[in-house]
Amino acid sequence: MAPGISDGDWRDLWQASRQMAHPFNPQNSPDFQDSTDSTDPLTLITPAMQVVLQQMLHCPHHGAMRQVYLESKFVELLTLWLAQVEDQGGADRPIADRSLPLKGSDLDRIYQARDILLQRFQTPPSLTDLARQVGLNDCTLKRQFKQVFGKTVFGYLHDYRMEQARRWLLDRQWSVTEVARRVGYTNLCAFSTAFRKKFGLSPRSFQRQG
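Going by our numbering, the sequence shown opens with residue 1084, and the numbers climb by one from there.
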């Protein structure tokens, strides 16, 4: 359980996620409903979910911005949860496709890769170069990184960049163009599109309302 998050907090968020999940299930199938009814949410928490929960419980916004922020985090949490349910429900998949516990040395390499990625988030290494630096092949790095963090290597990097951009925009010390450059974007339009997709507002609107 993530620090500062009680079982009650998680179960409340779980119920809200279930309510959001129902309309997105095209067939509203009994199998889907059974999985949401019978699966204990406390057995499904991943490190990625813990990060989202902490962000939701310590939302820095108020009013309309708070609503937009929490809705985007609910969708992110829902996506992570659905992926986790799918993974745990894969009894018919080959054993090689299922997640297995990592050895301590492998886990250390994955965290080392994460640290390198964040240290160089403005100009990140290629996947092949990152894998070489931590002593893994790129396929193993991709698989184990997602197993540990619930996201692809560059999905994790993208979310980190967006979170840094959010913080810097709220500081109001830099223009949108400068924030884009600071998080590694050379194309302002690409940055604005990515930010809007993540937070539901353009960077400029977010900065004005923050």
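We treat Cβ as the ideally placed atom computed from N, Cα and C, and that holds for glycine.
Whole-angstrom distance between Q1256 and L1160, CA atom to CA atom = For the purposes of this step, residue 1160 is identified with residue 77 of the sequence shown, where counting begins at 1. For the purposes of this step, residue 1256 is identified with residue 173 of the sequence shown, where counting begins at 1. When rounded, the separation of the alpha-carbon atoms in L1160 and Q1256 is 30 Å.
Assign G1233 to buried or exposed, taking buried as 16 or more other Cβ atoms, counted over all protein chains shown, within 10 Å of its Cβ.
-> Your numbering for residue 1233 matches position 150 in the sequence shown. With 16 or more other Cβ atoms within 10 Å, it is buried.
Does the ligand MG have a heavy atom nearer than 7 Å to the CB of Q1256?
-> What this structure holds is no ligand at all, so the ligand MG is not there to describe.
Which value, in whole angstroms, describes the spacing of the CA atoms of T1206 and K1156?
-> Counted from its first residue, the sequence shown places residue 1206 at position 123. Counted from its first residue, the sequence shown places residue 1156 at position 73. Each residue's alpha carbon lies about 27 Å from the other.
Alpha carbon to alpha carbon, how far is Q1292 from L1284? Give it in angstroms, no decimals.
-> Against the sequence shown, residue 1284 aligns to sequence position 201. Against the sequence shown, residue 1292 aligns to sequence position 209. Answer to the nearest angstrom: the Cα atoms are 10 Å apart.
Just the Cα atoms here: how many angstroms apart are D1221 and H1141?
-> Within the sequence shown, residue 1221 is the residue found at index 138, counting from 1. Within the sequence shown, residue 1141 is the residue found at index 58, counting from 1. Straight through space, the alpha carbons of H1141 and D1221 are spaced by roughly 35 Å.
Chain-order list of residues whose beta-carbon lies under 7 Å from that of R1192 (same chain, five-residue window excluded) = Looking up residue 1192 in the sequence shown gives position 109. Beyond the five residues adjoining it in sequence on each side, R1192 comes within less than 7 Å, by CB distance, of V1217, G1218 and L1219 in the same chain, given in chain order.
Can V1236 and L1200 be called in contact, C-beta distance under 8 Å?
-> What you label residue 1236 is simply residue 153 of the sequence shown in a count that begins at 1. What you label residue 1200 is simply residue 117 of the sequence shown in a count that begins at 1. The answer is yes: Cβ separation under 8 Å.
Alpha-carbon spacing of R1287 relative to H1144, whole angstroms | Counting from 1 along the sequence shown, the entry for residue 1287 is found at position 204. Counting from 1 along the sequence shown, the entry for residue 1144 is found at position 61. The C-alpha of H1144 is placed about 16 Å away from the C-alpha of R1287.
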